[in-house]
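Residue numbers (my numbering): 4 to 257.
For reference, the structure discussed in these notes is given below.
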Ligand code: KIV
């Protein structure tokens with residue numbers, strides 16, 4: 004069954020939503036075979052497969068290239084693409100053009116945008132233009148230089164209240180879902196109960212309406228993975244063994 008923003012809304016309170024990242028046709032086919040609900044072409048493509056230290060260097064061209072590769076496999080999952088660093092803070096007409104490129108030329112069915120309540124007016128304008136927006140709050144990897152690293156969010160009363168307000172503002176603005184990254188589980192639970200749209204958590208506890216994970220982290224393919232990501236299959240170790248076996252066969256002229 005094709006997943007849409009509508010089927011995700013209907014899932015809230017009924018079934019958990021399974022989301023995963025993918026950046027190419029190979030992993031998109033794997034995600035489809037595993038029947039996930041949402042495939043995110045995350046800007047984590049930068050640090051996970053392109054060799055950057057963070058998501059900050061990821062450009063619109065890179066997102067377009069990887070989104071198109073995933074969409075060409077025609078997944079039943081909803082295909083969402085990240086809006087990279089800085090873009091959502093620029094001219095609205097430029098942002099709309101980039102969303103149009105990702106949707107019209109690359110096959111994205113939604114975009115994900117990092118940002119607190121200050122991003123709500125932009126989300127409202129995109130929604131009015133027919134662009135489905137998945138709002139991303141809590142840890143925003145695009146702010147890594149400003150923050151000086153990665154951390155848990157919502158630990159102070161002020162930050163807790165600010166994130167709760169941002170969640171409500173994004174819902175009001177028309178976001179079809181919220182991504183809650185690395186926030187204290189009590190806050191993720193309160194947000195999930197306070198909004199009618201689905202919440203998708205990562206490192207934010209079990210109370211969300213669904214979860215997302217970086218595929219390479221759970222397949223043992225990431226050199227650095229967050230502690231909350233369980234390795235379900237260590238394909239990295241298996242791949243090294245397979246390539247070594249091939250190398251041995253070549254060297255022994257087999
Ligand atoms: O880019 C990404 O992979 C993300 C994660 C939070 C899933 O946004």
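Just so it is clear, CB atoms sit at the ideal spot from N, CA and C, and this is done for glycine as well.
Keep in mind that this is a model prediction, so the values were computed, not measured.
Asked                                                                                                                                                     : Found
So is the beta-carbon of residue 45 under 7 Å away from any non-hydrogen atom of the ligand KIV?                                                          : yes
Could you give the C-beta distance for residue 34 and residue 23, rounded to a whole number, given that I count them as a contact under 8 Å?              : 5 Å
Are at least three pairs of beta-carbons, each pair with one atom in the segment 23-32 and one in the segment 177-197, less than 8 Å apart?               : no
Hey, how far is the Cα of residue 126 from the Cα of residue 254?                                                                                         : 57 Å
Below 8 Å on the Cβ atoms is my contact criterion, and I expect residue 12 with residue 201 to pass it. Report the Cβ-Cβ distance as a whole number of Å. : 7 Å
Checking 8 Å against the spacing of the C-beta atoms, do residue 225 and residue 217 come in under that value?                                            : yes
What whole-angstrom Cβ distance do residue 174 and residue 199 have, given they're in contact under 8 Å?                                                  : 7 Å
Is any heavy atom of the ligand KIV found at a distance shorter than 7 Å from the C-beta of residue 58?                                                   : yes
From 234, 187, 101 and 171, pick the residue whose C-alpha is nearest to that of residue 121; which is it?                                                : 171
Are the CB atoms of residue 67 and residue 117 within a distance shorter than 8 Å?                                                                        : no
Going by C-alpha to C-alpha distance, which of 153, 92, 112 and 151 sits closest to residue 124?                                                          : 92
How should residue 77 be labelled, buried or exposed, when 16 other C-beta atoms within 10 angstroms of its C-beta is the threshold for buried?           : exposed
Restricting to Cα atoms, I'd like to know which of 59, 238, 85 and 60 is closest to residue 71.                                                           : 85
Relative to the C-alpha of residue 150, which candidate in 59, 41, 54 and 48 has its C-alpha closest?                                                     : 59
Can you tell me where the beta strand (DSSP E) holding residue 180 begins and where it ends?                                                              : 180-184
Check this for me: beta carbons of residue 61 and residue 88, under 8 Å apart or not?                                                                     : yes
Exposed or buried, residue 112, counting other C-beta atoms within 10 Å across all chains shown (16 or more means buried)?                                : buried
So with Cβ pairs under 8 Å, would you call residue 189 a contact of chain D?                                                                              : Among the chains of the structure shown, chain D does not appear; only one protein chain is present.
Whole alpha helix (DSSP H) runs in the segment 167-223 with 4 or more residues, listed along the chain?                                                   : 188-197 and 218-221
Buried or exposed, going by whether 16 or more other CB atoms sit within 10 Å of the CB of residue 241?                                                   : exposed
On the CB-based measure, 16 or more other CB atoms within 10 Å of its CB, does residue 141 come out buried or exposed?                                    : buried
Please name the residue, chosen from 56, 115 and 98, that lies closest to residue 215 on a Cα-to-Cα basis.                                                : 115
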